[in-house]
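Peer 1: The structure follows.
There are 2 protein chains.
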Amino acid sequence: MDIGWDDLRTVLALVRHGSLAAAAKHLDVSYTTVSRRITRAEAGLNLTLFERLADGYRPTETAVLVAEHAARMDAAEHDLLRKLRGRDSTLTGPFVLTAPQLLIANFLAPVLDRFCAAHRQVELRVRATNDLLDLNRREADLAIRISHSPGDTLMGLRLTQQHNASFANPEWADQITANPSGPVDWLIYDQYPDVPKAAMQAHLGSRVRMRFDDMVAMLGAAQAGLGVVRTPMFLGRTTPGLVQVPVLPPHPYADIWVVGHPDVWPSAKSVAFRDVLVDYIKAQRALFVA
Amino acid sequence: MDIGWDDLRTVLALVRHGSLAAAAKHLDVSYTTVSRRITRAEAGLNLTLFERLADGYRPTETAVLVAEHAARMDAAEHDLLRKLRGRDSTLTGPFVLTAPQLLIANFLAPVLDRFCAAHRQVELRVRATNDLLDLNRREADLAIRISHSPGDTLMGLRLTQQHNASFANPEWADQITANPSGPVDWLIYDQYPDVPKAAMQAHLGSRVRMRFDDMVAMLGAAQAGLGVVRTPMFLGRTTPGLVQVPVLPPHPYADIWVVGHPDVWPSAKSVAFRDVLVDYIKAQRALFVA
DNA sequence: TGTCCGGCGTGCAAATATGCATGTATGGAT
DNA sequence: ATCCATACATGCATATTTGCACGCCGGACA
Numbered sequence: 621m622d623i624g625w626d627d628l629r630t631v632l633a634l635v636r637h638g639s640l641a642a643a644a645k646h647l648d649v650s651y652t653t654v655s656r657r658i659t660r661a662e663a664g665l666n667l668t669l670f671e672r673l674a675d676g677y678r679p680t681e682t683a684v685l686v687a688e689h690a691a692r693m694d695a696a697e698h699d700l701l702r703k704l705r706g707r708d709s710t711l712t713g714p715f716v717l718t719a720p721q722l723l724i725a726n727f728l729a730p731v732l733d734r735f736c737a738a739h740r741q742v743e744l745r746v747r748a749t750n751d752l753l754d755l756n757r758r759e760a761d762l763a764i765r766i767s768h769s770p771g772d773t774l775m776g777l778r779l780t781q782q783h784n785a786s787f788a789n790p791e792w793a794d795q796i797t798a799n800p801s802g803p804v805d806w807l808i809y810d811q812y813p814d815v816p817k818a819a820m821q822a823h824l825g826s827r828v829r830m831r832f833d834d835m836v837a838m839l840g841a842a843q844a845g846l847g848v849v850r851t852p853m854f855l856g857r858t859t860p861g862l863v864q865v866p867v868l869p870p871h872p873y874a875d876i877w878v879v880g881h882p883d884v885w886p887s888a889k890s891v892a893f894r895d896v897l898v899d900y901i902k903a904q905r906a907l908f909v910a
Numbered sequence: 621m622d623i624g625w626d627d628l629r630t631v632l633a634l635v636r637h638g639s640l641a642a643a644a645k646h647l648d649v650s651y652t653t654v655s656r657r658i659t660r661a662e663a664g665l666n667l668t669l670f671e672r673l674a675d676g677y678r679p680t681e682t683a684v685l686v687a688e689h690a691a692r693m694d695a696a697e698h699d700l701l702r703k704l705r706g707r708d709s710t711l712t713g714p715f716v717l718t719a720p721q722l723l724i725a726n727f728l729a730p731v732l733d734r735f736c737a738a739h740r741q742v743e744l745r746v747r748a749t750n751d752l753l754d755l756n757r758r759e760a761d762l763a764i765r766i767s768h769s770p771g772d773t774l775m776g777l778r779l780t781q782q783h784n785a786s787f788a789n790p791e792w793a794d795q796i797t798a799n800p801s802g803p804v805d806w807l808i809y810d811q812y813p814d815v816p817k818a819a820m821q822a823h824l825g826s827r828v829r830m831r832f833d834d835m836v837a838m839l840g841a842a843q844a845g846l847g848v849v850r851t852p853m854f855l856g857r858t859t860p861g862l863v864q865v866p867v868l869p870p871h872p873y874a875d876i877w878v879v880g881h882p883d884v885w886p887s888a889k890s891v892a893f894r895d896v897l898v899d900y901i902k903a904q905r906a907l908f909v910a
């Protein structure tokens, strides 16, 4: 009764991902290898861990037990690798940053540029996504996030407050100037689905023309003149073809934070990046507020 | 920055055991393999984990950190394998019992015999030692111990109380009968180093003739007539050539327990062994008490 | 019904890991 | 001074592990 640790890890991956191919992708081996490691694990433990079904491997109760313990081992490994990263005092090698797409595209590019210029040896990898990557599992070293708090177990630095306001293309702006209480067409972002009542009353006859699940698409529609959007100041101001319109007064919006796992936070690369970032933000703070 | 789990385990073994050869023995591979796995781990992490010294590998601070986390993984593995054993409902395969040497030699042999006869498929392994094996680390499935409680995190069943008393060879017995208050020579076991005052006063002129760290040796000396020993009833009674002498009155001694880890306790083989054991002990309880 | 696709098993060659044998260095015992 | 034991490095042959190519199966779909 014995099992190698790499085989345990393989059982975990298969329980988590359900098929040989999926597990193999996460482990970065071929599914053939996964298959044979599972066979070996079952032989070593003298137990059946999976039922082979037509649509994949189904874990037995025993395999779930195995996977639970392997998950503890997995957590310990992540914990270790985070701590090792935190102790890394070099300014060389990989460094992974994640931030919302639009923040990178419309604002952060100069920060990335300066950081890379100052630290030529660092291999910066940017993960531009609105998904919250799991910093516990080392999906990124540092994250820039728009939220009210750094979050659960993470450390954070609040970079700036920000406001949002209403923006539209110049034709809409002219029209609103000409008729300040006329109706407007709204473009609405799913995550902020309600139009303030005051705006509806001040502009009788307004309607929600479209709803979007994607901010990039919505801003594009606004540029094309499809309507008025409510968006953070920095986005409205940095998107060509949009101007602020006096439909909504500026309103406080979620803050911008730089957050990281406490273990990784003190690493040299993380410190260096924050230096550049904070420096730049200080100079640019006016962009974010009314 | 990456490391295989088996390599982590190897780092742990090397930190724990200090030399390639020692680590290799515990991992059941050759020290060459350990050496190369360490090299690979260091390359993978891009860190120095050990200083190569003339008298072995010395772990760096980093390696200690790695080992701490690997130890958590190790604990999770032991936890898992214990639980798997506990779920084992077969009466086949290996089963490891540990008990004090003398308990096995002088009393338990019939239990082992009956258990093996009843369960021919079980490969019984007996570890006769006075050391307390680590049941957390699966050094044994079940232990029979002489102690006041089952201990820390273990489960237990108290098999019997017992008494101790004074024993010697027949010549000493005759001599004591002839002169009930005459001096006696004591043979003393290190773990119970004091002779009761009452006995010294009742037998003026008595002395401690020798001290032993080993009960087998001490009983041998008593058989040879070197003096009087204080020993559990069952040992005095089952050691040929010894008879009880009225120097010390019987006195309560530590109980006999069968203990196991709660995870392993319910396994079929463990249950089956306890059945045979408890059955036998019930019939033999008189042997242990005055 | 024929085709495609996801999911899997298997033979074989290549890549990788392992063990053995041998060689070096160091410290202690004779 | 010499010998021995411990601890490690390294070349080489062997074992094991891996990936690829190919084939099988069942279900979805035109």
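Quick note, the sequences are listed as chains A and B, same order. Here the working numbering = 1-based position in the first sequence + 620. Here the working numbering = 1-based position in the second sequence + 620. For glycine and all other residues, C-beta sits at the position ideal for the given N, C-alpha and C.
Could you spell out where the beta strand (DSSP E) holding Trp885(B) opens and where it closes?
Peer 2: First-last for Trp885(B): undefined, no H or E at that position.
Peer 1: Do the stretch 807 to 826 of chain B and the stretch 878 to 889 of chain B meet, that is, are 3 or more Cβ pairs less than 8 angstroms apart?
Peer 2: They do not touch, by the three-pair rule.
Peer 1: Chain A partners of Arg629(B), CB-CB under 8 angstroms?
Peer 2: What Arg629(B) touches in chain A: Trp625.
Peer 1: Spell out whether any CB of chain B is found under 8 angstroms from the CB atom of Val686(A).
Peer 2: Interface residue, yes.
Peer 1: Roughly how many angstroms separate the alpha carbons of Ala874(A) and Ala719(A), rounded to a whole number?
Peer 2: Taking the straight line joining both Cα atoms gives about 15 angstroms.
Peer 1: Using a Cβ-Cβ cut-off of 8 angstroms, state whether Glu697(A) counts as contacting chain B.
Peer 2: Yes, because at least one Cβ of chain B sits closer than 8 angstroms to the Cβ of Glu697(A).
Peer 1: Note down the Cα distance separating Glu671(A) from Ser709(B), rounded to an integer number of angstroms.
Peer 2: When rounded, the distance between both Cα atoms is 20 angstroms.
Peer 1: So, do the stretch 639 to 650 of chain B and the stretch 721 to 739 of chain A have three or more beta carbon pairs nearer to each other than 8 angstroms?
Peer 2: These segments do not touch.
Peer 1: Considering only residues of the stretch 772 to 813 of chain B, which uninterrupted beta strand (DSSP E) runs meet the minimum length of 3 residues and lie entirely inside it, listed in chain order?
Peer 2: 775 to 788 and 805 to 809, all fully within the stretch 772 to 813 of chain B.
Peer 1: Return the residues of the stretch 719 to 740 of chain B that lie within a Cβ-Cβ distance of less than 8 angstroms from chain A, sorted by chain order.
Peer 2: Listed by position along the chain: nothing, the set is empty.
Peer 1: Note down the Cα distance separating Ala903(B) from Asp733(B), rounded to an integer number of angstroms.
Peer 2: Straight-line Cα distance between these residues: approximately 16 angstroms.
Peer 1: Check whether the Cβ of His689(A) lies closer than 8 angstroms to any Cβ atom in chain B.
Peer 2: Yes - at least one Cβ of chain B is within 8 angstroms of the one on His689(A).
Peer 1: Classify Arg702(A): buried if its beta carbon has 16 or more other beta carbons within 10 angstroms, exposed otherwise.
Peer 2: With 16 or more other Cβ atoms within 10 Å, it is buried.
Peer 1: Where are the alpha helix (DSSP H) runs, 4 residues long or more, that stay fully inside the stretch 698 to 764 of chain B, in chain order?
Peer 2: As far as the stretch 698 to 764 of chain B is concerned, its whole alpha helix (DSSP H) runs of at least 4 residues are 729 to 738.
Peer 1: Anyone know if the C-beta pair for Leu634(A) and Tyr677(A) falls short of 8 angstroms?
Peer 2: Yes, they are a contact pair.
Peer 1: Can you pull the chain A residues whose beta carbon is under 7 angstroms from the beta carbon of Arg692(B), in chain order?
Peer 2: The answer, in chain order, is Ala696.
Peer 1: Kindly give me the distance between the Cβ atoms of Leu846(B) and Arg829(B), rounded to whole angstroms, as I take these residues to be in contact under 8 angstroms.
Peer 2: That belief holds up - the Cβ atoms of Leu846(B) and Arg829(B) are roughly 6 angstroms apart, short of 8 angstroms.
Peer 1: Select from Ser890(B), Val804(B), Ser769(B) and Pro866(B) the residue whose C-alpha is nearest the C-alpha of Trp877(B).
Peer 2: The shortest C-alpha separation from Trp877(B) is found at Ser769(B).
Peer 1: Comparing alpha-carbon positions, which option in Arg850(B), Ala788(B), Ile808(B) and Leu855(B) lies nearest Ala842(B)?
Peer 2: Here the closest residue by C-alpha is Ala788(B).
Peer 1: Do you know offhand how far Pro872(B)'s Cα is from Glu743(B)'s?
Peer 2: Going from the Cα of Pro872(B) to the Cα of Glu743(B) covers about 36 angstroms.
Peer 1: Shorter than 8 angstroms from the beta carbon of Met621(A) to some beta carbon of chain B?
Peer 2: Chain B, which has a Cβ nearer than 8 angstroms to the Cβ of Met621(A), makes this yes.
Peer 1: Quick check on Met838(A): does DSSP put it in helix, strand or coil?
Peer 2: In this structure, Met838(A) counts as helix in the three-state DSSP scheme.
Peer 1: With distances taken from CA atoms, which of Val898(A), Gln864(A), Ala837(A) and Thr780(A) is nearest Ile796(A)?
Peer 2: The shortest Cα separation from Ile796(A) among Val898(A), Gln864(A), Ala837(A) and Thr780(A) belongs to Gln864(A).
Peer 1: So, for Thr859(A): in the same chain, excluding its five sequence neighbours on each side, which residues have a beta-carbon less than 6 angstroms away from its beta-carbon?
Peer 2: For Thr859(A), where only same-chain residues beyond five positions count, the Cβ hits under 6 angstroms are Leu839.
Peer 1: Rounded to a whole number of angstroms, what is the C-alpha to C-alpha distance between His783(A) and Ile901(A)?
Peer 2: One C-alpha to the other measures close to 15 angstroms.
Peer 1: CA-CA distance, Asp814(B) and Ala837(B)?
Peer 2: Using only the alpha carbons, I get a separation of about 18 angstroms.
Peer 1: Reducing DSSP to helix, strand and coil, say where Thr851(A) ends up.
Peer 2: Thr851(A): strand per DSSP, three-state reduction.
Peer 1: How far does the alpha helix (DSSP H) with Arg660(A) in it reach, from first residue to last?
Peer 2: That run of the alpha helix (DSSP H) goes Tyr651 to Leu665.
Peer 1: Use the C-beta contact count for Pro852(A): other C-beta atoms within 10 angstroms, 16 or more gives buried, fewer gives exposed.
Peer 2: It counts as buried.
Peer 1: Does the beta carbon of Leu669(A) come closer than 8 angstroms to any beta carbon on chain B?
Peer 2: No, Leu669(A) lies away from the interface with chain B (no Cβ there is under 8 angstroms from its Cβ).
Peer 1: In angstroms, rounded to a whole number, what distance separates the CA positions of Ala844(B) and Arg850(B)?
Peer 2: Looking at the two C-alpha atoms, the distance is approximately 15 angstroms.
Peer 1: Is Leu753(B) close to chain A? Criterion is C-beta to C-beta, closer than 8 angstroms.
Peer 2: It does not; no Cβ of chain A falls within 8 angstroms.
Peer 1: Against chain B, which members of the stretch 644 to 672 of chain A pass a CB distance test of less than 8 angstroms?
Peer 2: Listed in sequence order: Leu665, Asn666 and Leu667.
Peer 1: Report back the beta-carbon spacing between Ala906(A) and Leu711(A) to the nearest angstrom; my notes put them in contact at under 8 angstroms.
Peer 2: Actually they are not in contact, since the Cβ atoms of Ala906(A) and Leu711(A) sit about 31 angstroms apart, beyond 8 angstroms.
Peer 1: Quick one: which chain B residues come within Cβ less than 7 angstroms of Leu701(A)?
Peer 2: Ordered by position in chain B, the residues that pass the 7 angstroms Cβ test against Leu701(A) are Met621.
Peer 1: List, in chain order, every chain A residue whose beta-carbon is nearer than 8 angstroms to that of Leu762(B).
Peer 2: By Cβ distance, chain A contributes nothing, its closest Cβ being about 16 angstroms from Leu762(B), past 8 angstroms.
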